[in-house]
Amino acid sequence: MKSKPTDLLTVSIYGMDGRTHKTMILFLKGPCKGVAQIVEEHEADVDIVDADAMDARVILDHCLARQPLRPIIILSLEKLNIEHTIYVAKPVKTEAMLAAFKEAHDWLKKKKEKKKENKITTILKKPESNIQLTAKVEQAKVDRIKPSTEKQASFELSTEKKFYSQSLEQKKTEKHKAAMMINEQNFSSFIGIVMGIDFNDPMQWRNARYSPKQHYQGYVQSSIKVAYEKRQVIKLNSSWKPLIILPHSRELWLDSDDKQLRAFSGVELSSSPVHDVKEMILSKVNPKEEGFATKLDKFQDMNVFVWKLACWTSKGRYPDTLDISTSVYLNQWPNFTRLVVTPHAMRIAALLIVGPRSMLDIIRTLKVKPQYVFVFISAAYAIGILGQSKRQVDEIIETEAPKIKSVPKKNLFSRILNKLRGSDKA
Amino acid sequence: MSQYKIIFTGPVGAGKTTAITSLSDVPMVKTDEAASDMTKERKAETTVAMDYGIMLLNGGEKIHLYGTPGQERFDFMWDILTAGGIGLVLLLDNSRADPFKDMIFFLKSFSGFIQRTGVAIGVTQMDVNTRLTIDDYHQELQKLDMKVPVFSVDAREKNDVSILVQALMFSLDPGIDEV
Chain A
78 MKSKPTDLLT VSIYGMDGRT HKTMILFLKG PCKGVAQIVE EHEADVDIVD ADAMDARVIL
138 DHCLARQPLR PIIILSLEKL NIEHTIYVAK PVKTEAMLAA FKEAHDWLKK KKEKKKENKI
198 TTILKKPESN IQLTAKVEQA KVDRIKPSTE KQASFELSTE KKFYSQSLEQ KKTEKHKAAM
258 MINEQNFSSF IGIVMGIDFN DPMQWRNARY SPKQHYQGYV QSSIKVAYEK RQVIKLNSSW
318 KPLIILPHSR ELWLDSDDKQ LRAFSGVELS SSPVHDVKEM ILSKVNPKEE GFATKLDKFQ
378 DMNVFVWKLA CWTSKGRYPD TLDISTSVYL NQWPNFTRLV VTPHAMRIAA LLIVGPRSML
438 DIIRTLKVKP QYVFVFISAA YAIGILGQSK RQVDEIIETE APKIKSVPKK NLFSRILNKL
498 RGSDKA
Chain B
394 MSQYKIIFTG PVGAGKTTAI TSLSDVPMVK TDEAASDMTK ERKAETTVAM DYGIMLLNGG
454 EKIHLYGTPG QERFDFMWDI LTAGGIGLVL LLDNSRADPF KDMIFFLKSF SGFIQRTGVA
514 IGVTQMDVNT RLTIDDYHQE LQKLDMKVPV FSVDAREKND VSILVQALMF SLDPGIDEV
């Protein structure tokens, strides 16, 4: 067996999964230039503990209880000040780690010198037989604290191990359904067509408006508002199917499919002889009595539902409460992985995140059909993440609306997009 | 030919490996295997613990997909990884004890790289733990004055990971042409 160099520290690590363990080995060999080497627990001079591991407390107690105590280096996200330990902040930097090793080294050196002094004193005092006995006792102590390899393995596993059970939430399949990407080719068939507006004529764009209030969308949005204000589960009864609104979990429950919803959302209720708006009644719901909780697949995320409802009601028009030439702002990116993604929706979102712009400006800047801008604006407005600029500061920003910078990697990004959208069959 | 990287980071178990596997055109290289060929010494000492995949573009260009190793413990490898990177995908696990703490940690750790490029955040395990919503993440990000894409993601779903990376591309340049 090779003897270790005098300055080489032997360390034992705790609370790290297999991958991190390997990275640590590389870290010590590379950036730390081999000043320390990972060994089995019973061979180590120093302990390194990940304080953010699930079992950190137990591990640390185990290390602190060791006799004789050895230096403990703690890696932690939060600053820790624990007696007999050396703290290193995460992410671990080479310099900080080397400093900790130096501190541990000095600590061990001092301890060794102290031990030496004590030994000399003892030799002077004790007869020879007692010296042998002391050595045996020390060895017994070491054996007692030597943990089994299995125990260490359990520390490592605890950070990786996860138990998944299919909870009720996971059975709400509709709620967690993936996004639906709509391209230019299937926009009309999926979203619908508005008669009487020629979108090719910019003069007609101002007329491409609709009133959410006169559609099912308006009633759903008002009912959601009421449910939130009253913090109460409520039911919207209509000539169609009852819609249950659960504000606490931000969910809706509707026993219908998207086809039916799309058809009903397009009907202008105030002028419909079939659907009487007087039949739109809100009532309180006792979830236990309704029994809707048994049909888990009928639960939908509130924003996802309202987004698609607005898309189908809009049919490529914009809400009449917004002005086409005044800037609109976007508070946040829509959760696109769970929404109906209409053509150019992500580009429009990216543009509006940079700063407020009018709908006309978006059409001009991105050179896209107005229907795609209007449908996005309608949906984002319906879920409350978009609004019309009213503040003076927004107007200032509007006049300074940034032009899209030409990014050097534009061509590369386009090719990545093509690849992701499946049009690049490389 | 230039070689570009997209970096996937996040805490252990957030789905980095799965996300890279979803997008990669070649079987994902676990550098454990690659490194073991390089030397006959102890395997544990030679493996490079990170995930790696490739997206092949038209014209033979490659986009390298790297997963950061060893979660939050080291940063020396992050610098090496991010060199030549075009953007960061941060995956967070909604079922962890404090996902906001994770988010802030990774955003701060990669702040320089994010400023030079961009970031898109995917939140996994939303169906396992519903305690925090996507809106909650946006509110937390507002405190950092950041308006970045944050999406619910199932890393096993190629579509989810694809949309996340698409959003990253658009946030880098909204003017990119869609085909």
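Residue numbers (this note's numbering), protein chains in the order written: chain A, 78 to 503; chain B, 394 to 572.
Note that CB positions come from ideal geometry on N, CA and C, so glycine has one too.
Please read all numbers here as calculations on a predicted model, not as lab measurements.
- Contact between isoleucine 493 (chain A) and isoleucine 456 (chain B) holds, since their C-beta atoms are separated by about 6 Å, short of 8 Å.
- In the three-state reduction of the DSSP assignment, lysine 540 (chain B) falls in the coil class, being assigned neither a helical nor a strand state.
- Cβ-Cβ distances below 6 Å link arginine 327 (chain A) to Met379 in the same chain, with the five nearest sequence neighbours on each side left out; the list follows chain order.
- When DSSP states are grouped into helix, strand and coil, glycine 478 (chain B) belongs to the strand group.
- Taken in chain order, the complete alpha helix (DSSP H) segments of 4 residues or longer contained in the region 376-412 of chain A are 379-391.
- Its Cα nearest to that of leucine 313 (chain A), the residue A:Ser360 stands out among A:Ser360, A:Ser342, A:Asp332.
- DSSP places leucine 561 (chain B) in the helix class (H, G or I) of the three-state scheme.
- Remark: C-beta atoms of lysine 156 (chain A) and alanine 166 (chain A) approach each other more closely than 8 Å.
- The closest CA to that of aspartate 129 (chain A), considering only B:Val482, B:Pro404, B:Gly408, is found on B:Pro404.
- About 5 Å separates the beta carbon of isoleucine 454 (chain A) from that of tyrosine 395 (chain A), a gap short enough to meet the 8 Å contact definition.
- If you draw a straight line from the Cα of lysine 188 (chain A) to the Cα of isoleucine 150 (chain A), it is about 17 Å long.
- Not a single C-beta of chain B is nearer than 8 Å to the C-beta of aspartate 132 (chain A).
- Residue pairing for glycine 460 (chain B): DSSP places it in a beta bridge opposite B:Phe401, B:Asp444.
- Secondary structure of methionine 272 (chain A) (DSSP, three-state): coil.
- Under the Cβ distance rule, asparagine 451 (chain B) counts among the residues neighbouring chain A, one pair being separated by less than 8 Å.
- Across the structure, aspartate 491 (chain B) and leucine 557 (chain B) are spaced so that their CA atoms are roughly 22 Å apart.
- Nearest CB-CB separation between lysine 186 (chain A) and chain B: not below the 8 Å threshold.
- Excluding the 5 residues flanking it on each side, asparagine 158 (chain A) has same chain C-beta neighbours closer than 8 Å at Tyr164, in chain order.
- Glutamine 298 (chain A) and leucine 407 (chain A) have their C-alpha atoms some 19 Å from each other.
- Within the region 153-175 of chain A, the residues whose Cβ lies closer than 7 Å to some Cβ of chain B are Leu154, Lys167, Pro168, Val169, Lys170, Thr171, listed in chain order.
- The beta carbons of valine 417 (chain A) and methionine 436 (chain A) sit no closer together than 8 Å.
- Excluding the 5 residues flanking it on each side, leucine 474 (chain B) has same chain C-beta neighbours closer than 8 Å at Lys398, Ile400, Met443, Tyr459, Thr461, in chain order.
- Contacts with chain B at 8 Å (Cβ-Cβ) do not include isoleucine 268 (chain A).
- Scanning chain B for C-beta atoms nearer than 8 Å to the C-beta of lysine 487 (chain A) yields Asp566, Gly568, Ile569, reported in chain order.
- Contact with chain B is found for glutamine 409 (chain A), since one of that chain's Cβ atoms lies less than 8 Å from the residue's Cβ.
- Neighbours of phenylalanine 490 (chain A) across chain B, judged by C-beta separation under 7 Å: Met562, Leu565, Asp566, Ile569.
- In this structure isoleucine 301 (chain A) is not in contact with lysine 392 (chain A), their Cβ atoms being roughly 22 Å apart against a cut-off of 8 Å.
- Shown here, lysine 361 (chain A) sits in a strand according to DSSP, grouped into three states.
- Short of 8 Å from the beta carbon of alanine 113 (chain A), and not among the five residues preceding or following it, lie these beta carbons of its own chain, in chain order: Leu85, Leu86, Thr87, Val88, Leu105, Val123, Phe178.
- Taking the C-beta atoms as reference points, valine 126 (chain A) is found no nearer than 8 Å to isoleucine 115 (chain A).
- Where asparagine 314 (chain A) is concerned, the enclosing beta strand (DSSP E) starts and stops at 311-314.
- Closest by C-alpha distance to glycine 446 (chain B), out of B:Gln532, B:Gln396, B:Phe544, is B:Gln396.
- When the Cα atoms are used, glycine 464 (chain A) and alanine 457 (chain A) turn out to be separated by approximately 9 Å.
- For glutamine 114 (chain A), the enclosing beta strand (DSSP E) starts and ends at 113-115.
- Neighbours of histidine 253 (chain A) in chain B, taken as residues whose beta carbon is under 9 Å from its own, are Met519, Asp520, Ser545, Asp547 in chain order.
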